[in-house]
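The sequence shown maps to residues 113 to 299 in the numbering used here. Every residue gets a Cβ at the ideal spot worked out from N, C-alpha and C, and that includes glycine.
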Amino acid sequence: AALQGLDKAIALANECGGAEEVIADAQELIPDIHVMNGNDNLRNQKYPEAVAAYKAALEVKPDHAKAALLLGQALSQSGDIPGAIAAFKEAAKFEENAASAAKMLANLNLKQANADYQGGKLKEAVDLAMECFNAEGVADNVKNSAASIIAGCVQKAAMGNNFSGATSFYNKLAGVDANNNKLGQLA
């Protein structure tokens, strides 16, 4: 509805003169209108529509920090964890999003690491858990959970006679301990 109103305003400006200024002003509003539409859809749990609206905002204005962050949130709530991770990585590039995006990304990486661990994708689980562990501003409970996933991967790899994998994972875990002294708390 808001975009239709902009179209009418542009048509009226063309009739009365001064269309260039109205068009320029209208183009500045379009990304925000898409974000408002996305917010409405997100509130109403219409996740595909919210994702489409945030993507539309970013197509018009690729540096729309709020749309980038909200896209990650909509993707996460829709269950598209890999898509949400990618979106939050992009959102983190905007200074005003850095802290929020890093926390959301760490939580999603932890969720995906746990899913990978459960599915036997041990290397992927360790890599994502390490990203959680090394992220700045992440709560200790997230870091402890990441260390636990890595420890679980060491155990699963050793039980499966994958000693080189177990050694590699253990060395990463030992590096976590050297940097953060969390290893002793896992026992």
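Kindly indicate which three-state DSSP category Phe206 falls into: helix, strand or coil?
-> Numbered from its first residue, the sequence shown carries residue 206 at position 94. Coil, per DSSP.
Taking the continuous alpha helix (DSSP H) assigned at Lys75, which residues delimit it?
-> Beyond the ends of the chain as shown, which are 113 and 299, falls residue 75; an answer cannot be given.
If we count the other Cβ atoms within 10 Å of its Cβ and call it buried at 16 or more, is Lys255 buried or exposed?
-> Locating residue 255 in the sequence shown gives position 143, where the first residue counts as 1. The residue is buried, with at least 16 neighbouring Cβ atoms inside 10 Å.
Neighbourhood of Ala179 by C-beta, 6 Å cutoff - its chain only, sequence neighbours within 5 removed = Against the sequence shown, residue 179 aligns to sequence position 67. Val147, Tyr166, Ala169 and Leu170, listed in sequence order.
For Gln224, which of helix, strand or coil comes out of DSSP?
-> The residue given as residue 224 occupies position 112 in the sequence shown. Residue state, collapsed to three classes: helix.
Give me the Cα-Cα distance between Asp192 and Phe200, rounded to the nearest whole angstrom.
-> Along the sequence shown, read from residue 1 onward, the residue named residue 192 stands at position 80. Along the sequence shown, read from residue 1 onward, the residue named residue 200 stands at position 88. Each residue's Cα considered, the two are about 12 Å apart.
To the nearest angstrom, how far is it from the Cα of Ala177 to the Cα of Asn273?
-> Against the sequence shown, residue 177 aligns to sequence position 65. Against the sequence shown, residue 273 aligns to sequence position 161. So the alpha carbons of these two residues sit roughly 47 Å apart.
Starting from the Cα of Asn156, find the closest Cα among Leu141, Gln189, Glu133 and Lys173 and give me that residue.
-> Translated into the one-based positions of the sequence shown, residue 156 becomes position 44. Of Leu141, Gln189, Glu133 and Lys173, the residue nearest in Cα terms is Gln189.
On the premise that Gly184 lies in contact with Ala214, defined as a C-beta separation below 8 Å, what is that separation, rounded to the nearest angstrom?
-> Reading the sequence shown from its first residue, position 102 is the one you call residue 214. Reading the sequence shown from its first residue, position 72 is the one you call residue 184. That pair is no contact at about 11 Å.
Cut-off 7 Å between Cβ atoms - residues of its own chain near Glu208, not counting five sequence neighbours on either side = Sequence index remark: in the sequence shown, residue 208 carries index 96 (1-based). Result list for Glu208: Ala177, in chain order.
Between Ser257 and Asp152, what straight-line distance do the alpha-carbon atoms span, to the nearest angstrom?
-> Within the sequence shown, numbered from 1, the residue matching residue 257 stands at position 145. Within the sequence shown, numbered from 1, the residue matching residue 152 stands at position 40. Distance between the alpha carbons of Ser257 and Asp152: 34 Å.
Run through DSSP, which three-state label would Gln157 get?
-> Position 45 of the sequence shown holds residue 157. Reduced to three states, the DSSP call for Gln157 is coil.
Whole-angstrom distance between Lys235 and Ile145, CA atom to CA atom | Counting from one through the sequence shown, the residue named residue 145 turns up at place 33. Counting from one through the sequence shown, the residue named residue 235 turns up at place 123. The straight-line gap from Cα to Cα measures roughly 42 Å.
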